[in-house]
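Data first, discussion second: the structure below is written as structure tokens.
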Amino acid sequence: MNHDGRFAPSPSGPLHAGNLRTALVAWVRARAKGARFLLRIEDLDPQRSKPEHERAQIEDLRAVGIDWDEEPVRQSERHDLYAEALAELERQDRVYPCWCTRAEIREAAQAPHGPLPEGAYPGTCRELTGAQRAEREREAGRPPALRLDARSGSVDDFVLRRHDGAYAYNLAVIVDDADQGIGEVVRGEDLLETTPRQLLIADLLSLPVPAYVHVPLVTDDEGKRLAKRDEPGIEPEVIDRIRAEAEAMVRRLDP
Ligand SMILES: [Zn+2]
Numbered sequence: 536m537n538h539d540g541r542f543a544p545s546p547s548g549p550l551h552a553g554n555l556r557t558a559l560v561a562w563v564r565a566r567a568k569g570a571r572f573l574l575r576i577e578d579l580d581p582q583r584s585k586p587e588h589e590r591a592q593i594e595d596l597r598a599v600g601i602d603w604d605e606e607p608v609r610q611s612e613r614h615d616l617y618a619e620a621l622a623e624l625e626r627q628d629r630v631y632p633c634w635c636t637r638a639e640i641r642e643a644a645q646a647p648h649g650p651l652p653e654g655a656y657p658g659t660c661r662e663l664t665g666a667q668r669a670e671r672e673r674e675a676g677r678p679p680a681l682r683l684d685a686r687s688g689s690v691d692d693f694v695l696r697r698h699d700g701a702y703a704y705n706l707a708v709i710v711d712d713a714d715q716g717i718g719e720v721v722r723g724e725d726l727l728e729t730t731p732r733q734l735l736i737a738d739l740l741s742l743p744v745p746a747y748v749h750v751p752l753v754t755d756d757e758g759k760r761l762a763k764r765d766e767p768g769i770e771p772e773v774i775d776r777i778r779a780e781a782e783a784m785v786r787r788l789d790p
């Protein structure tokens with residue numbers, strides 16, 4: 536079995552204790568099996584990704600004792616891979632353009648549309664004719680987002696590439712994990728609900744699927760989940776606490 540693991544932060548702010556604990560769990564599980572561990576910078580969003588956050592995150596990971604094999608890869612340097620995956624989905628006639636604004640989707644999503652969860656995209660642009668598409672493009676005055684025609688009933692027609700050209704997390708992450716030979720993904724349970732979307736893409740592209748381990752989020756004393764911190768650099772007692780928590784979690788996860 537492939538136990539190669541990875542940690543894949545987005546450099547939109549300093550890591551918080553929950554991110555670091557997830558990273559430690561992933562790293563301990565991979566290293567305990569003698570497997571590779573990789574670092575991938577998920578900087579798909581050019582507006583929110585900052586080199587100074589990337590530097591601070593790497594420092595914090597080193598501070599808790601995590602190491603990785605190979606140079607970290609950046610998603611911003613891997614657009615060719617995602618374009619190739621998108622082209623394959625287009626060949627399968629599973630991609631369509633969408634000009635909907637957030638407000639339009641919210642409004643349309645209020646109407647009942649089968650078993651999809653609240654806020655799901657209701658497929659407004661799926662059946663547009665060529666003439667209707669031209670009209671939408673003219674009205675919107677911007678390029679469309681590209682959505683997957685999911686046809687599954689369990690996930691909605693989610694975005695593959697945004698209107699500004701940024702590739703979507705759900706596409707990039709499954710392509711990257713396959714390309715990097717990742718066998719096990721440890722991540723926060725907030726990403727659990729994205730997994731069916733990634734599995735659908737993996738299925739359509741015949742990509743291998745890693746094993747997923749979703750770990751509970753770290754919450755504050757009031758039960759609220761932690762946000763990204765304001766300041767990089769972690770105090771030693773926090774590092775000790777995170778390590779102890781991560782070790783306890785690895786013991787629980789590993790029968
Ligand atoms: Zn639309």
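My numbering numbers the first residue of the sequence shown as 536 and each following residue consecutively. Don't be surprised by glycine CBs; every beta carbon is placed ideally from N, CA and C.
Item: What residues are listed by DSSP as bridge partners for E728?; Value: None; E728 has no bridge partner.
Item: Provide the residue(s) that pair with V750 in DSSP beta bridges, ordered along the chain.; Value: G723
Item: Alpha carbon to alpha carbon, how far is W562 from G540?; Value: 7 Å
Item: Looking at E639 and ligand 1, is the gap between the Cβ and the nearest heavy atom below 8 Å?; Value: yes
Item: What separation, rounded to the nearest whole angstrom, lies between the Cα atoms of T557 and E672?; Value: 42 Å
Item: Quick check: does the Cβ of T659 come within less than 8 Å of any heavy atom belonging to ligand 1?; Value: yes
Item: Count the other CB atoms within 10 Å of the CB of R686; is the residue buried (16 or more) or exposed (fewer)?; Value: exposed
Item: Do L579 and A707 have their CB atoms nearer than 9 Å?; Value: yes
Item: For the putative contact between P546 and S584, defined by C-beta atoms under 8 Å, what is the C-beta separation to the nearest angstrom?; Value: 5 Å
Item: In angstroms with no decimal places, state the Cα-to-Cα distance between Y704 and A638.; Value: 22 Å
Item: Taking 8 Å as the cut-off, does the CB of R778 come closer than this to any heavy atom belonging to ligand 1?; Value: no
Item: Run the proximity test for R682: is its beta-carbon closer than 8 Å to any non-hydrogen atom belonging to ligand 1?; Value: yes
Item: With the cut-off set at 9 Å, would you say E724 and R564 are in Cβ contact?; Value: no
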